[in-house]
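Presented below is the structure to which this report refers.
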Amino acid sequence: MLIFQIIWWWSNNDETAPTNPDAQTALVSISGPASVIEGDTTTPYTVSISQAPTTDLTVSFTYSGVAVNGTDFTGVASVVIKAGTTSSTFKIATLDDNLAEGAEKFTVAINPSSLGKVGGLEDVRVDSVKSSVETTINDETAPTNPDAQTALVSI
Numbered sequence: 186m187l188i189f190q191i192i193w194w195w196s197n198n199d200e201t202a203p204t205n206p207d208a209q210t211a212l213v214s215i216s217g218p219a220s221v222i223e224g225d226t227t228t229p230y231t232v233s234i235s236q237a238p239t240t241d242l243t244v245s246f247t248y249s250g251v252a253v254n255g256t257d258f259t260g261v262a263s264v265v266i267k268a269g270t271t272s273s274t275f276k277i278a279t280l281d282d283n284l285a286e287g288a289e290k291f292t293v294a295i296n297p298s299s300l301g302k303v304g305g306l307e308d309v310r311v312d313s314v315k316s317s318v319e320t321t322i323n324d325e326t327a328p329t330n331p332d333a334q335t336a337l338v339s340i
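Next comes the structure, spelled out in structure tokens:
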């Protein structure tokens, strides 16, 4: 009976997430490109975690800035960091248009509401220093050959 009580107590008294991050807190961060040419796909963004999760961990994103998700680029909703690994990558496709609009910026940020006690870890939080990346979409220069985005004028 005593062994059963000890096992019950131990299994029901697992540490809860601390109020403040501690040595057991796993931090999720993001890094990525500073710029991309309109119409191109970015080089990879990398989402990393300081401790490998024991189960798959989904990290979701939010977008903000002058460049608009769905109009200027196609954002990625989330990535999965597989169990036993510490990173995952993704790319963002930018959308070419016929507007001479100059550079537009967007920020991709880790959504903290997707974290917490996830991935088999007790405390997963966003790294306060590497929580987002700002990327500039530079307007495409005039193409050497007319393309689908070239406006033709006739008289």
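Take the sequence shown: its letters are residues 186 to 340, numbered as in the working numbering. All residues carry an ideal CB built from backbone N, CA and C; glycine is no exception.
{"Check": "Simplified DSSP state of residue 235, which is helix, strand or coil", "Outcome": "coil"}
{"Check": "Residue 298 (DSSP reduced to helix, strand or coil)", "Outcome": "helix"}
{"Check": "Proximity below 7 Å, CB of residue 274 to CB of residue 229", "Outcome": "yes"}
{"Check": "Local conformation of residue 242 per DSSP, three classes", "Outcome": "strand"}
{"Check": "Residue 249 versus residue 219 - alpha carbon distance", "Outcome": "15 Å"}
{"Check": "Beta-ladder partner(s) of residue 323, from DSSP", "Outcome": "222"}
{"Check": "Stretch-stretch touch, CB-based, cutoff 8 Å, three pairs: the stretch 266–282 with the stretch 306–314", "Outcome": "no"}
{"Check": "Whole-number beta carbon distance between residue 235 and residue 268, since they are thought to touch under 8 Å", "Outcome": "Not quite, the Cβ-Cβ distance comes to about 15 Å (not below 8 Å), so this is no contact."}
{"Check": "Residue 270: first and last residue of the uninterrupted beta strand (DSSP E) it sits in", "Outcome": "Looking at the DSSP string, residue 270 is not in any beta strand (DSSP E), and its letter there is neither H nor E."}
{"Check": "Assigned secondary structure, residue 250 (DSSP; H/G/I helix, E/B strand, else coil)", "Outcome": "strand"}
{"Check": "Cβ distance (whole Å) where residue 341 is taken to contact residue 261 below 8 Å", "Outcome": "Any answer about residue 341 is impossible in this case: the structure gives the chain only from 186 up to 340."}
{"Check": "Presumed contact (8 Å Cβ cut-off) between residue 272 and residue 232, rounded CB distance", "Outcome": "6 Å"}
{"Check": "Local conformation of residue 195 per DSSP, three classes", "Outcome": "Only weak support exists for where residue 195 lies, its pLDDT of 45 falling under 50; the value from the coordinates is given anyway. Reduced to three states, the DSSP call for residue 195 is helix."}
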